[in-house]
Amino acid sequence: MEKSNDLGKDSPTEAVPSLIRSADGHQILGFDDDDTKQSDSNFQFMVSFQIKTQLVMEWRDFIKLINESALKMAVRVADNQWLDLINLVVIEFLFEFFQKPSGNDIESSSDSSSREATQSVSISMPHLRLDAERVVLKDEVEAAGNDSPENSGTHEVKFHSEPIIMGGGTDDQTVAGKTPEHRLILPVKNPRLDEFKDNRYNSFKTWSGRLERQLSTLRGKPRNEPEINPPQNLQGETLSVDRYFDALEGPELETLRPQEEIMLPEDKKWPFLLRFPISSFGICLGVSSQAIMWKNLASTASTHFLHISLRVNYTLWCISILLFAVVAVTYLLKVIFYFEAVRREYYHPIRVNFFFAPWIALLFLAIGVPDSVMRKLPHSLWYVLMTPIFCLELKIYGQWMSGGQRRLSKVANPSNHLSVVGNFVGALLGATMGLKEGPIFFFAVGLAHYTVLFVTLYQRLPTNETLPKELHPVFFLFVAAPSVASMAWAKINGSFDYGSRLAYFIALFLYFSLAVRVNFFRGFKFSLAWWAYTFPMTGAAISTIRYSSEVSNVVTKALSLILSTVATVTVTGLLITTILHAFVLRDLFPNDIGIAISDRKSKTQKKWYHRGTCGSAKDAEHQGKTRNSGEKEVRIPVIHPAN
Amino acid sequence: MVHPEIGLEVVIDSSITKHHKQPTTTIGRKQSAIKTPSKRSQQGVIATINAGYFRICMSLGGQALLWKTLSEKTDISPTFGNLFTKIPSTAFFLIWSLAVCIFVSLSILYILRCIFHFKMVKSEFHHHVGVNYLFAPWISWLLLLRSAPSFIFPHKYSYEYVWWPLIVPVIALDLKIYGQWFTTEKRFLSMVANPTSQMSVIGNLVGAHAAIKMGWKESGICLFTLGMTHYLVVFITLYQRLSGNNHLPSRLRPVFFLFVATPSMAALAWKSINGNFDMLCKMLFFLSLFLFTSLASRPVLFKKSLKSFSVAWWAFSFPLSFLALASTAYAQQVKGVTANGLALILSTISVLVFVFLLVCSTLKIDSLLRNPVLSFSDEN
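Line by line, the protein sequences give chains A and B.
Residue 502 in numbering that gives the first Met the number 0 sits at position 503 of the first sequence; the count goes up by one each step and never skips.
Residue 105 in numbering that gives the first Met the number 0 sits at position 106 of the second sequence; the count goes up by one each step and never skips.
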């Protein structure tokens, strides 16, 4: 039997107290009892609801209200878990009242209800992250609101909250509800060292921390921390791409979905290396492409009227070399010490494209090298730089072609342009060096795969889960491939002929169609990956300069000036924002949630679903995967009147 | 009794339908018509063979063309030239005659199948993989035509007389299949696309290649355009893999090598239109080379299909022959040690694979004939 009620706009501050009121009087809780009378007395069925986010938000307000009134808690909680706890408390509240007033535990009451003619619906709420095992509550039902004076008396109820979900804890531990005491009483002598020794991060370290222990024994330090075995589920396991889609959301797949949890502690700041994403190489991309642009501005005949000196190029090039060295060394350290984290980044559907970024940055450095440093680069350098790109390409394009989980129709997103643009940059460098066949090879491969990617992204297939719904700076990557391709083709052919012009005009069109929508680029959280999105603008500027040297008139010169200015201004603005975040706000490297997702849905989630329901938990999990992440799955027990 | 102030929207969730489940219903129905091969073995060879067996003829034709091209080479650098000129042209003639014999016998068997088991042929026509192999006989004929020794066609117009009856079925099949891709609801390209869809493209390109040899440039260009346009569409659709791997049985994985065959054939066709191996040909050749490297570095993909010998193994051979042909044309244009070395390596691989397959087929001819990878039923 199906029920349907419309979700009214009434605030739950009026609704819930009435529910509690009615529950107290053992009456039907707010559902049509005509239906319930007609139901067969010996069956129990499930009704599942979807409560909109608005309701949940209003719940939170309501719960704040309760919080402010005379509800006492005897529990140690982290401050930011307060609201979640209250959520849980109120729902358990309702549970207690929904059952027969036998003061039973929730599990037993659900069993008893199954034997009787009750229709029960269960509620699932986001899991708790508590540091305590049990919650003892004293509540006054009057606190449920000012407009429910009928509720009187206090009920002392005991609630068994969910045991803690520990970062990296095994299932046994959570089920048994043990609190590993040592974690709470770690003496904080040297925070950094403790962080390093913190065994919660072991699962992300190379060989689960054994490398570190080896190194520390080599250095002669005594082993004094207890050896904790890392959870077995993290060793050498491949996270399926579906897991990333289920757990994360957002245009860069960085934000955790509400009902998900992560394997590392959320409230602590993780070790710096763990927080250092591969998208940091985007900074190198942005700065080195600026160096190329200033070199072209200084050396092209059509822009001589600007009187730019080559020193700008020299300075920028030295800065980018330095930056690249710093970023590369840091990431190398991360590879050595936290290989698991690097692996998880590789399996992330968006971050995998950034693995091309270091090599593209090196190619940019080679293209933008000032004449004073080196005039002629050796051919072997090209082969050395292109080999990693070639190997990565074989892997990634092969994944696209052979179907399976990571096929293109599923994972296509604008960041994939990074995997394609490397071909064109390599072709450009090779042609500049004077090579003939190699550049054509990479140009051909890049062109074929760019066509596929371009069509797929324009299609916005419904099976595509990673495409951001709104405009986001990542869309500027669309401009990258055609502009670099036009320059590469011009270099291969010797002149900026029709093929290059075709590609250049496509790039220009895409640039303008994004530029007129600049109003829509609002409300996004700054991240280091934004640096990678500036190099297409610089690339478009460089190809405009090249075009203006071929077709030299006022329009093209003005265009090259405008685009170069826009690129420079953007990079400067980004630089200021980065410095702001690094030194003032100190959140340039936030906890990297994207790599810390658990490999399966939390067990407590399933427990909620199983509670007093005869529906399948699997359905609920599937429904959790729906794209409307704002809606929650809620089931509420409905009780037949005890007449 | 308190009625609620809030209403709750109830959504009864039926089973989750995945996106690709609906389009495959028609195909699934067709697949249910396929019976297990063990039943087939009682019904004789005619009922067992299907158009997929013409892969053997295509491979033979491709090899014959390769040997012919190699034996005609005159301007390879001296170090490699000696190797190639030592190959007697009688070896080429042997392969060619073998190809003709096998092709004639297979054709006779297939004609008998059309006569006695027409319903099977019909169900093959409706199958999303089987229909593409209906191009295979005509491709084999065209390849044999193209690689025929010069004394077979003494008369000037005899070549054309043979070419026309071969190209008409290709065009007819083209019209039917390409039209279905974007008009008929049940057989949209997004639903039926699989690597064998490239067979139609290869058919057009081989036809174009053969036409240019006759001197009919316009029809050659026409067929080339037809092939390339649909190649673009098929390439993109296949790379997107809209419906995943569901449509191709794992024993048919060797047909992934068709990805290698098509660009090579396109390079050869464009070369014959243009006269020399220019930029577009080079780019197509490089694409083909890249795809070959990509597939060769993924042995896991082919593990299941390599467990037992079947006619699908022949799908490895002719793409390699086409790739070797394209590499020899490339080496001819770009003279240099690397290019010639590449041509030599690819030709060697192609010949070795071909010989290996010939030997395996002769030894295991029984399992070859009794074990088609796809079987089609008599019922509708």
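A virtual CB, placed ideally from N, CA and C, is assigned to each residue, including glycine.
With burial defined as no fewer than 16 other Cβ atoms inside 10 Å of the residue's Cβ, what is the status of I114 (chain B): buried or exposed?
Classification for I114 (chain B): exposed.
Quick check: the Cα distance between S320 (chain A) and S278 (chain A), rounded to an integer number of angstroms?
The amino acid occupying residue 320 (chain A) in the given sequence is Ile; Ser does not appear at that position. Each residue's alpha carbon lies about 17 Å from the other.
Distance CB(K490 (chain A))-CB(T302 (chain A)) smaller than 9 Å
no
Three Cβ pairs or more, each shorter than 8 Å: is that satisfied between the segment 585-599 of chain A and the segment 250-258 of chain A?
yes
Let me see if you follow: with CB-CB separation under 9 Å, is W381 (chain A) close to chain B or not?
no
Output, in chain order, the set of chain A residues within a Cβ distance shorter than 9 Å of F234 (chain B).
Within chain A, the residues near F234 (chain B) are A447, T450 and V451.
Is the distance from the Cβ of G129 (chain B) to the Cβ of G219 (chain B) below 9 Å?
no
Just checking: is the beta-carbon of V420 (chain A) within a distance shorter than 9 Å of some beta-carbon in chain B?
With 9 Å as the cut-off, V420 (chain A) does not count as an interface residue toward chain B.
Tell me whether the beta-carbon of Q143 (chain B) lies closer than 9 Å to the beta-carbon of A98 (chain B).
The question names Gln, yet the displayed sequence has Leu at residue 143 (chain B). Taking 9 Å as the Cβ cut-off, L143 (chain B) and A98 (chain B) qualify as a contacting pair.
In chain B, which residues lie with their C-beta within 8 Å of the C-beta of I439 (chain A)?
M278, K281, M282 and F285
Given a cut-off of 9 Å on the beta-carbon distance, is the pair F588 (chain A) and L527 (chain A) in contact?
Yes, the pair counts as a contact, with Cβ atoms nearer than the cut-off.
Considering only C-alpha positions, which residue in the set A:V368, A:L460, A:A539 and A:F355 is nearest to A290 (chain A)?
A:V368
In this structure, how does DSSP classify T567 (chain A) when only helix, strand and coil are distinguished?
Looking at T567 (chain A) - three-state DSSP - the assignment turns out to be helix.
Could you say which of A:A502, A:E248, A:I318 and A:F336 lies nearest to F477 (chain A) if we only look at CA atoms?
A:A502
Could you name the residues of the segment 400-417 of chain A whose beta carbon sits closer than 7 Å to any beta carbon of chain B, in the order they occur along the chain?
M400, S401, G402, G403, R406, L407 and S408
Just confirm the distance between the C-beta atoms of F280 (chain A) and V325 (chain A), as a whole number of angstroms; I'd bet it's less than 8 Å.
Wrong, their Cβ atoms sit about 11 Å apart, outside the cutoff.
Reference G267 (chain B); option with closest CA among B:S287, B:K302, B:I94 and B:P253
A small fix is needed here, since residue 267 (chain B) is Leu in this sequence, not Gly. With distances taken between Cα atoms, L267 (chain B) lies closest to B:S287.
Which chain B residues sit within Cβ distance under 7 Å of G397 (chain A)?
S293 and R297
Would a check of beta-carbon distances place A63 (chain B) closer than 9 Å to chain A?
Not an interface residue.
Report the rounded CA-to-CA distance for P535 (chain A) versus P371 (chain B), giving the unit in angstroms.
So the two alpha carbons sit approximately 52 Å from each other.
Y243 (chain A) and Y346 (chain A): beta carbons closer than 9 Å?
yes
With 16 other Cβ atoms within 10 Å as the buried cut-off, status of N518 (chain A):
exposed
What are the uninterrupted segments assigned as alpha helix (DSSP H) that are 4 or more residues long and contained completely in the segment 363-446 of chain A, given in chain order?
378-400, 407-410 and 416-432
Is there a C-beta anywhere in chain A that falls below 9 Å from the one on R240 (chain B)?
Taking Cβ atoms only, chain A reaches closer than 9 Å to R240 (chain B), which makes this a yes.
Enumerate in chain order the residues of its own chain whose CB-to-CB distance from S366 (chain B) is below 8 Å, with the five nearest sequence positions on each side excluded.
S307, F308 and S309
Would the segment 324-336 of chain B and the segment 60-70 of chain B be scored as touching if the rule is three or more Cβ pairs under 8 Å?
yes
Mind checking whether S383 (chain B) and R250 (chain B) have CB atoms under 9 Å apart?
The requested residue 383 (chain B) does not occur in the structure, where chain B is confined to residues 0 to 379.
Relative to the C-alpha of T299 (chain A), which residue among A:W381, A:N352, A:R545 and A:I318 is closest?
A:R545
Secondary structure at E251 (chain A), three-state DSSP: helix, strand or coil?
coil
Is it buried or exposed, Q98 (chain A), if we count other Cβ atoms within 10 angstroms and call 16 or more buried?
Because Q98 (chain A) carries a pLDDT of 49, less than 50, the predicted location of this residue cannot be relied on, and the following value inherits that uncertainty. Buried is the call here.
Are the CB atoms of V286 (chain A) and L332 (chain A) nearer to each other than 9 Å?
By the CB criterion at 9 Å, V286 (chain A) and L332 (chain A) fall outside the cutoff.
Taking all protein chains shown into account, decide if F117 (chain B) is buried (16 or more other Cβ within 10 angstroms of its Cβ) or exposed.
exposed
Sheet register partners of I110 (chain B) (DSSP bridge):
Answer is none; I110 (chain B) lacks a bridge partner.
Could you tell me which residues DSSP pairs with I596 (chain A) in its beta bridges?
DSSP, once it has assigned bridges, lists A:I261 as partnering I596 (chain A).
Helix, strand or coil at D34 (chain A) [DSSP, three-state]
Note that D34 (chain A) scores 42 on pLDDT, short of 50, meaning its location in the model is unreliable; the coordinates nonetheless yield the value given after this. Looking at D34 (chain A) - three-state DSSP - the assignment turns out to be helix.
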